[in-house]
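So the protein lines, in turn, are chains A and B. Be aware that the first sequence starts at 361, since it is given in the working numbering, and climbs by one per residue. Be aware that the second sequence starts at 23, since it is given in the working numbering, and climbs by one per residue.
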Amino acid sequence: MAFGPHLLLATLEGLVTAAVLALTALGLSLVFGVMRIVNVAHGEFFMLGAVLAWAVATALGTHPAIGFVAALIVAPLVVGAVALLSERLVLRRLNYDPEATIVATIGLLYIIQQLALSLYGPEARPVTPPFSYRVLLPWFGYSGYKLSIIAASALLLVATWLVLTRTRIGLVMRATQYDREMAQAFAIPVERVYAGVFALGAMLAAFAAVLIVPISQAHYLMGQDPLLLSFIVVIIGGLGSLRGTVVAALLIGLSDGIVSMFFSPTLAKLIATLVVAMVLVFRPQGLFGTAAR
Amino acid sequence: MTEASTARIYGLHMAVVVVLFALNFLLPDYHHGLFARILVLATFAMGYNLLFGYAGLLSLGHAMFFAAGLYGSGLAITYLGFGVSAAFVAGLGCGALLSLVVGLLALRTSGVAFMIVTMMFAQAFVLTIVYFNQWTGGDQGLVLQQASRILTVGNASLDLTAPAVRYLAALLLFAIVLFVTLAIVRSRFGRVLVAIRENEERTRMLGYDTFANKLAAVVLSGVFCAAAGAAYALLFGYVGSNFASVQYSILPLLWVLAGGAATTLGPLVGTVFIYYVTDIASSYTSAWLLIVGAALVLLVLFAPKGILGFVRRRWIGWLP
Numbered sequence: 361m362a363f364g365p366h367l368l369l370a371t372l373e374g375l376v377t378a379a380v381l382a383l384t385a386l387g388l389s390l391v392f393g394v395m396r397i398v399n400v401a402h403g404e405f406f407m408l409g410a411v412l413a414w415a416v417a418t419a420l421g422t423h424p425a426i427g428f429v430a431a432l433i434v435a436p437l438v439v440g441a442v443a444l445l446s447e448r449l450v451l452r453r454l455n456y457d458p459e460a461t462i463v464a465t466i467g468l469l470y471i472i473q474q475l476a477l478s479l480y481g482p483e484a485r486p487v488t489p490p491f492s493y494r495v496l497l498p499w500f501g502y503s504g505y506k507l508s509i510i511a512a513s514a515l516l517l518v519a520t521w522l523v524l525t526r527t528r529i530g531l532v533m534r535a536t537q538y539d540r541e542m543a544q545a546f547a548i549p550v551e552r553v554y555a556g557v558f559a560l561g562a563m564l565a566a567f568a569a570v571l572i573v574p575i576s577q578a579h580y581l582m583g584q585d586p587l588l589l590s591f592i593v594v595i596i597g598g599l600g601s602l603r604g605t606v607v608a609a610l611l612i613g614l615s616d617g618i619v620s621m622f623f624s625p626t627l628a629k630l631i632a633t634l635v636v637a638m639v640l641v642f643r644p645q646g647l648f649g650t651a652a653r
Numbered sequence: 023m024t025e026a027s028t029a030r031i032y033g034l035h036m037a038v039v040v041v042l043f044a045l046n047f048l049l050p051d052y053h054h055g056l057f058a059r060i061l062v063l064a065t066f067a068m069g070y071n072l073l074f075g076y077a078g079l080l081s082l083g084h085a086m087f088f089a090a091g092l093y094g095s096g097l098a099i100t101y102l103g104f105g106v107s108a109a110f111v112a113g114l115g116c117g118a119l120l121s122l123v124v125g126l127l128a129l130r131t132s133g134v135a136f137m138i139v140t141m142m143f144a145q146a147f148v149l150t151i152v153y154f155n156q157w158t159g160g161d162q163g164l165v166l167q168q169a170s171r172i173l174t175v176g177n178a179s180l181d182l183t184a185p186a187v188r189y190l191a192a193l194l195l196f197a198i199v200l201f202v203t204l205a206i207v208r209s210r211f212g213r214v215l216v217a218i219r220e221n222e223e224r225t226r227m228l229g230y231d232t233f234a235n236k237l238a239a240v241v242l243s244g245v246f247c248a249a250a251g252a253a254y255a256l257l258f259g260y261v262g263s264n265f266a267s268v269q270y271s272i273l274p275l276l277w278v279l280a281g282g283a284a285t286t287l288g289p290l291v292g293t294v295f296i297y298y299v300t301d302i303a304s305s306y307t308s309a310w311l312l313i314v315g316a317a318l319v320l321l322v323l324f325a326p327k328g329i330l331g332f333v334r335r336r337w338i339g340w341l342p
């Protein structure tokens with residue numbers, strides 16, 4: 361393949377990564393923005409979504425499309441319930457103290473990961489894509505399913521944006537984010553908003569995982585990379601900024617796709633990690649965020 | 023601080039060291055080996071405690087300081103033919119340099135950002151080890167030959183692979199770091215660190231250079247952790263990249279939380295406690311990480327001050 365088509369392929373792969381990353385990072389960013397806590401177990405919610413997708417698709421065992429659609433509905437709901445439970449049982453009792461929640465969510469990370477290992481096993485298992493249509497480009501054929509991931513992710517991002525900016529729920533969420541105590545004074549049920557946001561964040565991650573499972577595989581350790589990448593995206597995009605998160609996800613996804621096609625993946629990761637650490641050190645508010653209050 | 027309470031505090035710490043010394047002759051073989059390892063890891067936890075417990079800085083990257091000591095001494099022995107004491111000093115030097123650089127950069131941030139930055143530096147450190155796997159052995163690591171782990175002082179030579187020598191060397195390191203920590207936290211510097219933890223703005227307003235004090239805490243903490251890492255390499259003869267992984271940044275946090283943050287003996291108590299809990303649990307189930315996770319959640323929910331924090335509040339108020 362010549363350089364041009366090669367670059368196009370890398371760009372498409374990067375867009376798929378970016379689409380999934382944007383959803384996962386948006387979940388992390390919402391939780392951080394509204395609740396001011398860092399959810400270290402976010403990657404495990406992603407993993408849980410993928411594992412559940414496999415479980416649902418296998419249990420149904422009918423046409424791949426039906427199994428996939430069922431997974432797309434069931435997996436985020438179950439993950440949302442798990443998140444709600446852990447918010448009720450653990451985070452609320454800690455009064456959302458930032459450092460205590462970090463320690464607690466590290467604990468949740470180990471618990472979920474180990475349960476997945478014990479119940480699901482160490483194997484990586486695939487899920488059949490709902491359809492296997494190939495889009496024929498002039499130089500190569502490209503998986504239609506991968507293109508549909510990009511579309512689905514964009515759709516969900518727009519929906520989230522509409523909910524945040526155009527509905528009462530979004531207004532309540534933004535009010536809580538802006539000033540928790542004032543929101544409470546105006547009779548906003550802050551605790552219920554927190555519970556809802558935490559569940560919503562986990563559901564976004566789970567949804568992203570169900571989308572990615574047909575092209576990667578479900579594995580109990582698959583939560584690690586999305587967690588780090590989501591941190592990176594949220595930091596570069598500015599903590600709690602939706603637009604920044606999407607732009608940063610595009611930036612990271614595309615550069616990851618292109619760089620890892622032309623360079624050694626370890627070196628690419630090493631440089632990316634150091635660059636992001638430096639961004640955080642010298643521009644703590646992120647590239648697009650406003651100064652933290 | 024009266025004379026009597028000073029004597030009481032030093033007496034208690036001496037007594038702990040004497041008990042640990044006596045255990046060298048009393049413990050059965052299996053637990054003897056386990057305890058030698060625990061003493062080195064408790065030293066690691068003490069280094070972490072200085073920063074997390076006293077200065078109030080939550081780092082999730084301390085595995086890199088431990089690994090700096092580990093690789094600093096391990097690589098010096100393997101490729102440069104260093105002796106044991108020179109390799110130990112090399113490990114300390116690597117830890118000091120790394121913690122100085124990381125401290126200078128990471129301390130520009132605070133709170134959650136500090137945690138994420140330290141985690142990323144640690145991640146970059148692991149990736150560096152993996153990238154240079156030609157020399158570091160990557161995931162498999164390096165095994166230090168027994169012949170290279172003999173300490174010669176004058177005419178006498180000590181074989182660090184012998185169980186009793188290994189235990190006593192670990193105890194010596196532990197005791198030194200314990201008393202240095204005790205001296206630090208009772209000094210003016212230690213009190214400034216606690217003041218920074220409680221209210222950084224006010225401490226700065228009172229005229230203290232909080233950045234310089236925090237940097238000193240990061241470097242001291244890094245050097246203690248590197249000392250533990252270097253000792254681990256020399257005493258147990260294995261250098262591997264899993265010691266630099268994020269898991270080894272979380273374990274000292276767990277040990278310190280369990281034993282009691284900001285108590286001098288807490289890291290030892292916590293390390294012994296968690297090590298034995300996971301050791302006993304892993305004989306029943308392979309899911310020992312589940313125990314670690316549950317322990318973290320339960321500790322932070324019901325015993326945020328740890329075992330010795332509880333003891334201090336209920337019974338012994340003078341516990342440092």
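Virtual Cβ for every residue (Gly too), placed ideally from N, Cα, C. Remember, predicted model here, so these are calculated numbers, not experimental data.
Review point. Would you call the region 569-578 of chain A and the region 429-447 of chain A touching, i.e. three or more CB-CB distances under 8 angstroms?
Key: yes
Review point. If you drop the 5 nearest sequence neighbours on each side, which residues of the same chain put their C-beta closer than 8 angstroms to that of Leu368 of chain A?
Key: Leu497, Trp499
Exercise for review: Compare the C-alpha of Arg485 of chain A against each of A:Val523, A:Leu522, A:Tyr580, A:Tyr493 and name the closest.
Suggested key: A:Tyr580
Review point. Where does Gln168 of chain B land, buried or exposed, given buried means 16+ other C-beta within 10 angstroms?
Key: exposed
Review point. Using Cβ-Cβ distances below 7 angstroms, what residues of the region 445-463 of chain A are close to chain B?
Key: Val450, Arg453, Leu454, Pro458, Glu459, Ala460, Ile462, Val463
Review point. By how many angstroms is the C-alpha of Ala578 of chain A removed from the C-alpha of Tyr505 of chain A?
Key: 17 angstroms
Check your understanding: What's the gap between the Cα of Leu515 of chain A and the Cα of Ala284 of chain B?
Key -> 50 angstroms
Point to revise | chain B contact for Lys506 of chain A (CB, 9 angstroms cutoff) | key: no
Point to revise | Close-in-space but distant-in-sequence residues of the same chain around Leu469 of chain A (CB under 7 angstroms, 5 per side omitted) | key: Val400, Ala401, Glu404
Review point. Roughly how many angstroms lie between the CA atoms of Gly315 of chain B and Leu287 of chain B, to the nearest whole one?
Key: 23 angstroms
Review point. Any idea if Glu447 of chain A is buried or exposed, counting beta-carbon neighbours within 10 angstroms, 16 or more meaning buried?
Key: buried
**Study point:** C-alpha distance - Ser271 of chain B paired with Leu312 of chain B, whole-angstrom precision
**Key:** 17 angstroms
Review point. Which whole-angstrom value is the C-beta distance of Gly409 of chain A and Ala417 of chain A, which I expect to be below 8 angstroms?
Key: Not a contact, Cβ separation roughly 12 angstroms.
Point to revise | Cα-Cα separation, Gly96 of chain B to Gly69 of chain B | key: 20 angstroms
Exercise for review: Using three-state DSSP, classify Gly501 of chain A as helix, strand or coil.
Suggested key: strand
Review point. Taking Cβ to Cβ, would you say Phe74 of chain B is nearer than 9 angstroms to Ala250 of chain B?
Key: no
Check your understanding: Pick from B:Arg213, B:Val202, B:Phe66, B:Met227: whose alpha carbon is nearest that of Tyr32 of chain B?
Key -> B:Val202
Exercise for review: Determine the direct distance from the alpha carbon of Val557 of chain A to that of Ala519 of chain A, and round the result to whole angstroms.
Suggested key: 15 angstroms
Check your understanding: Which term fits Phe47 of chain B, buried or exposed, when burial requires 16 or more other beta carbons within 10 angstroms of its beta carbon?
Key -> exposed
Practice item. Using a Cβ cut-off of 9 angstroms (strictly closer), state whether Met407 of chain A contacts chain B. Key: no
Check your understanding: Would you say Ser478 of chain A faces chain B, with C-beta separation under 9 angstroms as the test?
Key -> yes
Practice item. Return the CA-CA distance between Pro482 of chain A and Gln584 of chain A, expressed in angstroms with no decimal places. Key: 15 angstroms
Review point. Under a Cβ-count criterion, where at least 16 other Cβ atoms within 10 Å of its own Cβ denotes burial, should Val268 of chain B be classed as buried or exposed?
Key: buried
Review point. Start and end of the beta strand (DSSP E) containing Arg494 of chain A?
Key: 494-496
Check your understanding: Of all Cβ atoms in chain B, is any one closer than 9 angstroms to the Cβ of Met638 of chain A?
Key -> yes
Review point. So Thr65 of chain B and Leu195 of chain B are in contact, right, with Cβ under 8 angstroms, and what is the actual spacing, rounded?
Key: 6 angstroms
**Study point:** Contact test: Val39 of chain B Cβ vs the ligand SAM heavy atom, cutoff 8 angstroms
**Key:** The ligand SAM is absent from the structure shown, which contains no ligand whatsoever.
Check your understanding: Does the region 272-280 of chain B come close enough to the region 183-199 of chain B that 3 or more CB-CB pairs lie under 8 angstroms?
Key -> no
Practice item. Say whether chain B places a C-beta atom closer than 9 angstroms to the C-beta of Ser615 of chain A. Key: no
Review point. Using 8 angstroms as the Cβ pair cut-off and three pairs as the minimum, do the region 149-164 of chain B and the region 233-249 of chain B touch?
Key: no
Practice item. Taking only the alpha-carbon atoms, compute the straight-line gap between Ala652 of chain A and Glu551 of chain A and give it to the nearest angstrom. Key: Because Ala652 of chain A sits at a pLDDT of 45, beneath the cut-off of 50, its placement in the model cannot be relied upon, and the following sentence gives the value as read from the coordinates. In a straight line, the C-alpha of Ala652 of chain A is about 23 angstroms away from that of Glu551 of chain A.
**Study point:** Minimum Cβ-Cβ distance from Ala651 of chain A to chain B less than 9 angstroms
**Key:** Residue placement at Ala651 of chain A cannot be trusted, given a pLDDT of 47 that sits under 50; what the coordinates show is reported in the next sentence. No - not a single Cβ of chain B is within 9 angstroms of the one on Ala651 of chain A.
Review point. So Ala378 of chain A packs on Leu614 of chain A, CB below 8 angstroms; how close in whole Å?
Key: 6 angstroms
Check your understanding: Opposite Ile172 of chain B in the DSSP bridges: which residues?
Key -> B:Asp181
Review point. Hey, does Phe428 of chain A have any beta-carbon neighbour from chain B nearer than 9 angstroms?
Key: no
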